[in-house]
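Worksheet: one structure, shown below.
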Amino acid sequence: MTIKDKHLRILLCLVILVLGMFLVPAASASSSSTIPSIPNAFEGNLKGDAAHAGPGLVISAYIDSKLVGSNTIKEIGEYKITVNSTEKDNGKAITFKLGGIESEPVSVVYKHGNVPVKLDLTFNGDFIPPEIQSLSASPIYILNDGKDFSTVTAKVVDDSGIKSVTLNLTSIEHGVVPLNLGTGDQYTCNIVSTIPGEFKFEFRASNPSGNSVVDKDKISITILKENQLATTFGGSDGVFSPEEIAALVHNNNVSSGIKYAVLGAYFADGWDRI
Numbered sequence: 145m146t147i148k149d150k151h152l153r154i155l156l157c158l159v160i161l162v163l164g165m166f167l168v169p170a171a172s173a174s175s176s177s178t179i180p181s182i183p184n185a186f187e188g189n190l191k192g193d194a195a196h197a198g199p200g201l202v203i204s205a206y207i208d209s210k211l212v213g214s215n216t217i218k219e220i221g222e223y224k225i226t227v228n229s230t231e232k233d234n235g236k237a238i239t240f241k242l243g244g245i246e247s248e249p250v251s252v253v254y255k256h257g258n259v260p261v262k263l264d265l266t267f268n269g270d271f272i273p274p275e276i277q278s279l280s281a282s283p284i285y286i287l288n289d290g291k292d293f294s295t296v297t298a299k300v301v302d303d304s305g306i307k308s309v310t311l312n313l314t315s316i317e318h319g320v321v322p323l324n325l326g327t328g329d330q331y332t333c334n335i336v337s338t339i340p341g342e343f344k345f346e347f348r349a350s351n352p353s354g355n356s357v358v359d360k361d362k363i364s365i366t367i368l369k370e371n372q373l374a375t376t377f378g379g380s381d382g383v384f385s386p387e388e389i390a391a392l393v394h395n396n397n398v399s400s401g402i403k404y405a406v407l408g409a410y411f412a413d414g415w416d417r418i
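Residues 145 to 418, numbered by this note's numbering, are exactly what the sequence shown covers, in order.
As structure tokens, then:
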């Protein structure tokens, strides 16, 4: 190897070293900027009056009066929440609220990228959800003609009053609808649909403090097309007998719309054929 070759190799190594010094920090900066920030995560028990708070209540976190996290309570007496902020809030105090009520004082500050923290929180106030004293839908079977209907009836009470009572009809494209208040804490709502199927609708009642009670099972309705009536209520052959017609007419779970549709389709003379 000549001296000239040695000099070229040394020069090449120096060039690679200098380039590496410039490129590595740039790559590191680029990769670090793409790493998402890790929020503070808190979870623990709810104590005080909140120990029996019902699911549906919202817990929220604030730094300098700015909302930095919220979550809905899923289990009685327990909470989970993530606090999302930036390094500039490191060391700042976090304030927790449950349904708008601030927790008893806790000494906790924001730590950017900290590991999950176990923290019990104490809240005192009105955290008792409304009480559903009765809830039903009648009739259970209706036509999908957009006119036939089932009436939901509910009785809901709360010492602090009722803020809202709703039914989630999203599955039949009606969204979340309010129930109408009648007398004696009774709420009603008529369900109509052009979409056939078997549905369960979520019922929710909330009081002014934000406490909610939810039922997902009691409001169960079957919406039928006319060509489904014979197979649903008739014999195995899909043909109604006079006995089956009589049973259908006296079935309180079946709407009048279905009864008249069956009579009109199968008995030109109507009721006197039964």
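Think of the CB as a built atom: it goes at the ideal place given N, C-alpha and C, for glycine as much as any other residue.
Reduced DSSP secondary structure (H/G/I, E/B, other) of residue i
| i | result |
| --- | --- |
| residue 400 | helix |
| residue 341 | strand |
| residue 240 | strand |
| residue 315 | helix |
| residue 406 | helix |
| residue 201 | coil |
| residue 393 | helix |
| residue 174 | Here the model assigns residue 174 a pLDDT of 44, short of 50, so the residue's position is not dependable, and the following value carries that caveat. Helix at residue 174. |
| residue 231 | helix |
| residue 222 | strand |
| residue 248 | coil |
| residue 262 | strand |
CB contact flag (residue i, residue j, <8 angstroms)
| i | j | result |
| --- | --- | --- |
| residue 279 | residue 223 | no |
| residue 184 | residue 261 | yes |
| residue 421 | residue 214 | Residue 421 lies beyond the stretch modelled for the chain, which goes from 145 to 418, so this question has no answer here. |
| residue 235 | residue 253 | yes |
| residue 349 | residue 357 | yes |
| residue 306 | residue 273 | no |
| residue 397 | residue 283 | yes |
| residue 301 | residue 309 | no |
| residue 292 | residue 399 | yes |
| residue 361 | residue 276 | no |
| residue 374 | residue 382 | yes |
Residue range of the unbroken beta strand (DSSP E) whose run includes residue i
| i | result |
| --- | --- |
| residue 322 | 319-322 |
| residue 300 | 294-301 |
| residue 368 | 364-368 |
| residue 329 | Counting along the chain, residue 329 falls outside any beta strand (DSSP E), and DSSP gives it neither H nor E. |
| residue 359 | 356-359 |
| residue 347 | 346-350 |
| residue 276 | 275-282 |
| residue 215 | 210-216 |
| residue 185 | 184-192 |
| residue 272 | Here residue 272 belongs to no beta strand (DSSP E), and DSSP marks it neither H nor E. |
| residue 267 | 265-267 |
| residue 285 | 285-287 |
Close Cβ partners of residue i (< 8 angstroms) along its chain, the five nearest in sequence each way excluded
| i | result |
| --- | --- |
| residue 112 | Past the edges of the chain, shown from 145 to 418, lies residue 112, and the structure says nothing about it. |
| residue 324 | 331, 332 and 333 |
| residue 263 | 186, 187, 188, 250 and 252 |
| residue 290 | 336, 337 and 338 |
| residue 368 | 285, 286, 287, 288, 340, 376 and 402 |
| residue 372 | 340 |
| residue 219 | 199 |
Range of the contiguous alpha helix (DSSP H) that encloses residue i
| i | result |
| --- | --- |
| residue 377 | 373-377 |
Cβ-heavy atom distance, residue i to the ligand FMN, below 7 angstroms
| i | result |
| --- | --- |
| residue 273 | Within the structure as shown, the ligand FMN is missing, as the structure has no ligands at all. |
Contact with chain B by residue i, beta-carbon distance below 8 angstroms
| i | result |
| --- | --- |
| residue 392 | In the structure shown, chain B does not exist; there is a single protein chain. |
Contact set for residue i: own chain, Cβ-Cβ below 6 angstroms, skip 5 residues either direction
| i | result |
| --- | --- |
| residue 206 | 239 |
| residue 195 | 221 |
| residue 237 | 253 |
| residue 393 | 403 |
Close Cβ partners of residue i (< 7 angstroms) along its chain, the five nearest in sequence each way excluded
| i | result |
| --- | --- |
| residue 329 | 299, 300 and 301 |
| residue 352 | 304, 305 and 307 |
| residue 366 | 284, 285 and 342 |
How about the stretch 289-297 and the stretch 216-230: do they share at least three Cβ pairs that are nearer than 8 angstroms? Contact fails: fewer than three Cβ-Cβ distances are below 8 angstroms.
Could you tell me whether the stretch 342-353 touches the stretch 308-317, using the rule of 3 or more Cβ pairs below 8 angstroms? Output reads yes: the stretch 308-317 touches the stretch 342-353.
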